[in-house]
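Per our numbering, the sequence shown runs over residues 10 to 219.
Below you'll find the structure, written out as structure tokens, and then a few comments.
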Amino acid sequence: MKGLFITIEGNDGSGKSTVIASLKQELAKLDIDVIYSREPGGSYVAEKIREVILDNDNIAMDDKTEALLYAASRRQHLCETVIPAINEGKLVVCDRFIDSSLAYQGVARGLGIDNVLNMNQFATEGFMPDLTIYLLVDPQIGLNRKANQKELDRLEHEKIDFHTKVYNGYLELAERFKDRVRIVDGNCSIEEECSRVNNIVLGYIKERGM
Ligand code: ADP
Ligand code: TYD
10 MKGLFITIEG NDGSGKSTVI ASLKQELAKL DIDVIYSREP GGSYVAEKIR EVILDNDNIA
70 MDDKTEALLY AASRRQHLCE TVIPAINEGK LVVCDRFIDS SLAYQGVARG LGIDNVLNMN
130 QFATEGFMPD LTIYLLVDPQ IGLNRKANQK ELDRLEHEKI DFHTKVYNGY LELAERFKDR
190 VRIVDGNCSI EEECSRVNNI VLGYIKERGM
């Protein structure tokens, strides 16, 4: 039996890590095999690519180079981590995947959703999530949450205009990929945001017979 691939998307500071931690607690109560991963990264080589992408010293990085590096990291992550787990019947929960490239590189960097999607096809060979949750939070609120938390990486240092474009990108993508995308409004308390996500995921895996 094939496993399931669920991805969590959203602006920086939308609460992805927080909801995944809560989901982990809920899923631990069930008798299923789950692995948690993230992009960029999620395997040894992919994590090395992540360091290059997010390094604050790499201000000279061209937008297309950036898009290609995210796709390279994705390819390695799929081959080493995600696809083997899915073939073993596991549930894979991943913090970001291809929709991040479509929103950040396709829309916010202005490369175009279709260009970035086509470029990613080479990396993914059409492998897509079964379910994707978009956490939608006002981009300024997301950045404020992050600012309190840690040192910002190269992408997080982008101005609010960039993050607003990312947010609008997700809205556009939600329309385009209606079949696999569920929107969660994250402008609420942590408890409420986690509970909304947990309900969707638990309902979905039950429906899929896992
Ligand atoms: P992401 O992984 O999407 O960048 P995080 O889960 O790391 O976001 O959350 C960023 C910060 O915002 C953390 O300090 C977290 O505790 C806080 N946070 C997450 N969700 C909420 C929420 N709904 N309301 C207020 N703060 C939140
Ligand atoms: P992440 O570690 O998820 O950051 P955060 O926890 O702050 O949300 O991702 C790092 C950054 O990489 C984030 O700003 C989003 C960006 N990103 C892209 O621009 N394109 C992509 O394809 C991916 C996966 C991430």
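Every residue gets a Cβ at the ideal spot worked out from N, C-alpha and C, and that includes glycine.
Can you find a heavy atom of ligand 1 that lies under 8 angstroms from the Cβ of residue i?
{"i": "N157", "result": "yes"}
{"i": "G119", "result": "no"}
{"i": "G212", "result": "no"}
{"i": "E160", "result": "no"}
{"i": "V54", "result": "no"}
Pick from the options: whose alpha carbon is nearest that of residue i?
{"i": "N96", "options": "G19, I44 and E160", "result": "I44"}
{"i": "Y176", "options": "Y53, R185 and S23", "result": "S23"}
{"i": "E181", "options": "G19, N127, C103 and M10", "result": "G19"}
{"i": "Q130", "options": "L161, A183, P148 and A76", "result": "A76"}
{"i": "E200", "options": "Y143, R189, A81 and V28", "result": "V28"}
{"i": "Y143", "options": "E216, A183, D71 and E89", "result": "A183"}
{"i": "D71", "options": "Y213, R205 and L164", "result": "L164"}
{"i": "E167", "options": "Y113, S46, M137 and D194", "result": "Y113"}
{"i": "G40", "options": "N124, M137 and G98", "result": "It is Asp, not Gly, that sits at residue 40 in the sequence shown. That would be G98, whose Cα lies nearest to the Cα of D40."}
{"i": "S110", "options": "S198, K215, S204 and Y179", "result": "Y179"}
{"i": "F171", "options": "Q158, T16 and D21", "result": "D21"}
{"i": "I17", "options": "N153, M219 and L145", "result": "L145"}
For residue i, does the three-state DSSP call read helix, strand or coil?
{"i": "R191", "result": "strand"}
{"i": "D64", "result": "coil"}
{"i": "R47", "result": "strand"}
{"i": "D170", "result": "helix"}
{"i": "F186", "result": "coil"}
{"i": "L36", "result": "helix"}
{"i": "F131", "result": "helix"}
{"i": "E56", "result": "helix"}
{"i": "L164", "result": "coil"}
{"i": "C197", "result": "coil"}
{"i": "I92", "result": "helix"}
{"i": "V101", "result": "strand"}
{"i": "G115", "result": "helix"}
Is residue i near ligand 2, judged by its Cβ being under 8 angstroms from some heavy atom?
{"i": "R189", "result": "no"}
{"i": "E75", "result": "yes"}
{"i": "D71", "result": "no"}
{"i": "E184", "result": "no"}
{"i": "I169", "result": "no"}
{"i": "Q149", "result": "no"}
{"i": "L63", "result": "yes"}
Spatial neighbours of residue i within its chain, please: CB distance less than 7 angstroms, with the 5 preceding and 5 following residues excluded, ordered by chain position.
{"i": "T133", "result": "R83, L87 and I107"}
{"i": "D147", "result": "N196"}
{"i": "N207", "result": "S31, L32 and E35"}
{"i": "Q149", "result": "I169"}
{"i": "L161", "result": "K155"}
{"i": "A94", "result": "G12, I44 and V101"}
{"i": "S26", "result": "D104"}
{"i": "R59", "result": "P49, G50 and S82"}
Spatial neighbours of residue i within its chain, please: C-beta separation below 8 angstroms, excluding the five flanking residues on both sides.
{"i": "F186", "result": "D108 and T141"}
{"i": "R189", "result": "M137, P138, D139, L140 and T141"}
Near residue i, what residues of its chain come up, given a Cβ to Cβ distance below 6 angstroms and the 5 sequence neighbours on each side ignored?
{"i": "A37", "result": "none"}
{"i": "A55", "result": "S82, Q85 and H86"}
{"i": "I62", "result": "P49 and L78"}
**Message:** For the structure I just gave you, are there three or more beta carbon pairs, one from the region 66-80 and one from the region 106-121, closer than 8 angstroms?
**Reply:** yes
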